[in-house]
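Numbering (the numbering used here), first residue to last: 3 to 257. See structure below.
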């Protein structure tokens with residue numbers, strides 16, 4: 003990542019409480035244009051809650067979130083989406099009774115955030131076809147979403163987000179539950195998405211994948227940031243090893 007890149011997403015002192023429990027606590031970080039920024043931590047660390055706050059699935063309790071030099075923490079979910087910030091979910095969120103192509107078409111109806119207007123029918127059709135081809139779903143365009151295997155459901159969720167032409171794509175555990183071959187395919191897709199100039203925020207428990215994809219990594223624990231930096235630095239941090247990675251991961255990496 004070039005140091006000349008500007009921050010595209012900035013969180014400042016963000017907190018989210020459920021009763022007296024802080025799911026995210028006074029969290030600050032910034033993500034630079036066109037980087038892949040990884041987020042990891044134990045179950046319950048607050049990773050998905052953080053995604054929900056950024057995308058305003060949940061309102062933030064304290065702090066501020068800036069996207070493209072605009073504060074977004076008080077905007078509606080659809081307004082944030084139209085600005086160019088899209089996301090996926092841990093459990094694939096699809097229109098199960100619609101075909102693969104129809105699911106992507108739903109995303110395309112939001113239009114191109116850069117233009118600020120809806121596309122005409124021909125442009126939309128072309129964009130849908132290009133997105134299906136890019137994500138490897140062209141041959142399955144007419145399959146009902148409910149009939150898809152887990153891998154294809156994950157790809158479809160990514161395609162439905164990508165068709166909106168986001169500037170930032172947040173991926174919540176896109177590799178979890180997949181075998182080696184499918185995991186490698188999704189990792190390659192994420193790299194190709196990033197090569198198109200899309201900034202990627204990635205939550206993932208598969209540490210080899212997260213460390214292999216990310217330029218920088220943030221480790222969360224009990225809603226707080228305990229470490230941030232390049233993957234090699236983070237993997238050697240004593241607080242990260244104790245709270246999350248464990249000695250077994252280190253031994254495996256050194257074999």
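By construction, the Cβ of each residue, glycine as well, lies at the ideal position given by its N, Cα and C atoms. Note that the coordinates shown come from a computational prediction; the quantities given were computed from them, not determined experimentally.
Report the three-state DSSP secondary structure of residue i (helix, strand or coil).
i: residue 190; result: helix
i: residue 245; result: helix
i: residue 236; result: helix
i: residue 87; result: strand
i: residue 30; result: strand
i: residue 145; result: coil
i: residue 202; result: strand
i: residue 174; result: strand
i: residue 41; result: strand
i: residue 101; result: strand
i: residue 108; result: helix
i: residue 160; result: helix
i: residue 214; result: helix
i: residue 183; result: helix
i: residue 117; result: Any reading at residue 117 must be qualified, since the residue scores a pLDDT of 46, below 50, and its modelled position is unreliable; no value is offered.
i: residue 93; result: coil
In terms of alpha-carbon separation, which member of the options lies closest to residue i?
i: residue 88; options: 185, 166, 187, 140; result: 166
i: residue 142; options: 157, 128, 129; result: 157
i: residue 229; options: 30, 12, 138, 107; result: 30
i: residue 14; options: 109, 52, 181; result: 52
i: residue 111; options: 205, 95, 130, 93; result: 130
i: residue 94; options: 108, 107, 160; result: 160
i: residue 214; options: 21, 177, 227; result: 177
i: residue 2; options: 56, 9, 202, 236; result: No statement about residue 2 is possible, as the shown extent of the chain runs from 3 to 257 and does not include it.
i: residue 297; options: 134, 234, 12, 50; result: Residue 297 lies beyond the stretch modelled for the chain, which goes from 3 to 257, so this question has no answer here.
Under 8 Å by Cβ, that's how I've got residue i and residue j pegged, so tell me the actual separation to the nearest angstrom.
i: residue 171; j: residue 195; result: 6 Å
i: residue 7; j: residue 35; result: 5 Å
i: residue 103; j: residue 144; result: 7 Å
i: residue 38; j: residue 99; result: Not quite, the Cβ-Cβ distance comes to about 34 Å (not below 8 Å), so this is no contact.
i: residue 189; j: residue 163; result: In fact, because the Cβ distance is near 17 Å, the residues do not count as touching under 8 Å.
i: residue 79; j: residue 58; result: 5 Å
Under 8 Å between C-beta atoms, does residue i make it to chain C?
i: residue 47; result: In the structure shown, chain C cannot be found, because there is only a single protein chain.
Stretch pair the region 41-53 + the region 213-222: three plus CB contacts closer than 8 Å: Segment contact: the region 41-53 against the region 213-222, three or more CB-CB distances shorter than 8 Å; contact assigned.
Below 8 Å, can you find three or more Cβ-Cβ pairs linking the region 124-142 to the region 70-89? The region 124-142 and the region 70-89 do not touch, with fewer than 3 CB-CB distances between them shorter than 8 Å.
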